[in-house]
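Presented below is the structure to which this report refers.
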Amino acid sequence: MKELSDFSKVLKENGYKFTNQRKYVYEVLMENGGKHLNSQEIYELVKNKYPDIGVATVYRTLTLLEDMELIDGVDFEDGFRRYEVIKGEEEHRHHHLICLECGIIKEMEEDLLENIEDEISCKNHFKVIDHRVKFYGYCSDCLEKRQIREQ
Ligand SMILES: [Zn+2]
Ligand SMILES: [Zn+2]
58 MKELSDFSKV LKENGYKFTN QRKYVYEVLM ENGGKHLNSQ EIYELVKNKY
108 PDIGVATVYR TLTLLEDMEL IDGVDFEDGF RRYEVIKGEE EHRHHHLICL
158 ECGIIKEMEE DLLENIEDEI SCKNHFKVID HRVKFYGYCS DCLEKRQIRE
208 Q
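Read in order, the letters of the sequence shown correspond to residues 58 to 208 in the numbering used here.
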């Protein structure tokens with residue numbers, strides 16, 4: 058989903074009106090792809106463009122868009138729920154690599170887990186349809202700094 062016309066279509070299909078507030082929130086998320094903004098950061102960015110918008114409206118809109126699966130909310134155990142637009146072409150949601158030192162969140166596009174899904178399905182009589190994986194470690198910058206410190 059890349060076009061705002063698709064966005065308004067999905068809203069209408071779900072019985073919601075296409076309002077400017079909803080458009081603003083979705084636009085900010087589209088413009089900040091890969092940044093995994095939290096709700097407060099999203100509110101600040103929307104407010105920069107449209108000072109009249111209230112924080113409650115932004116938070117409500119995020120919940121609504123998540124319910125409609127237009128955006129995805131992810132918790133990285135840092136006390137914030139972070140949001141990103143769901144790209145239409147993704148069969149599985151991408152995985153996240155989280156640096157324990159600086160907190161940077163990188164995205165990993167390869168899936169690699171389809172065989173594991175088959176195995177889980179077979180062994181447990183459980184039909185797996187999706188999965189979420191987070192990898193914790195150190196990004197290349199932090200790794201370099203750690204190596205320098207250790208020398
Ligand atoms: Zn790092
Ligand atoms: Zn992501």
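Where a beta carbon is used, it is the ideal one built from N, C-alpha and C, also for glycine.
Fair warning: this is a prediction, and the values are worked out from it, not measured in the lab.
Where residue i falls: helix, strand or coil (DSSP)
i	result
CYS159	coil
LEU200	helix
LYS184	coil
GLU166	coil
LYS141	Before going on, a small fix: residue 141 reads as Glu here, not Lys. It is a strand residue.
ASP48	For residue 48 there is no data in the structure shown, the boundaries of the chain being 58 and 208.
Pick from the options that is closest to residue i, judged by C-alpha positions
i	options	result
ILE173	GLU164, ARG189 and CYS199	ARG189
HIS93	ILE162, TYR73 and LYS74	ILE162
ALA113	GLY130, GLU84 and GLN97	GLN97
CYS196	ILE99, GLU164 and SER62	GLU164
CA-to-CA distance, residue j to residue i, given in whole angstroms
i	j	result
ILE143	MET87	10 Å
GLU171	ASN105	42 Å
ARG187	GLN208	Reading off the sequence, residue 187 comes out as Asp, not Arg. About 43 Å.
VAL67	ARG206	52 Å
VAL82	GLY136	21 Å
PHE192	VAL185	20 Å
ASN181	ARG139	32 Å
GLY194	GLU201	13 Å
LYS80	CYS199	37 Å
TYR211	LEU122	Only positions 58 to 208 of the chain appear in the structure, and residue 211 is not among them; the question remains open.
CYS179	GLU70	37 Å
ILE177	TYR73	38 Å
ASP109	ARG203	46 Å
Uninterrupted alpha helix (DSSP H) stretches inside the segment 61-125 (no shorter than 4 residues): Every alpha helix (DSSP H) of 4 residues or more that sits fully in the segment 61-125 is shown, in chain order, as 61-70, 77-88, 96-106 and 112-124.
Counting by C-beta, which residues lie closer than 7 Å to a heavy atom of ligand 4, in chain order? You won't find ligand 4 in this model; what it holds is ligand 1 and ligand 2.
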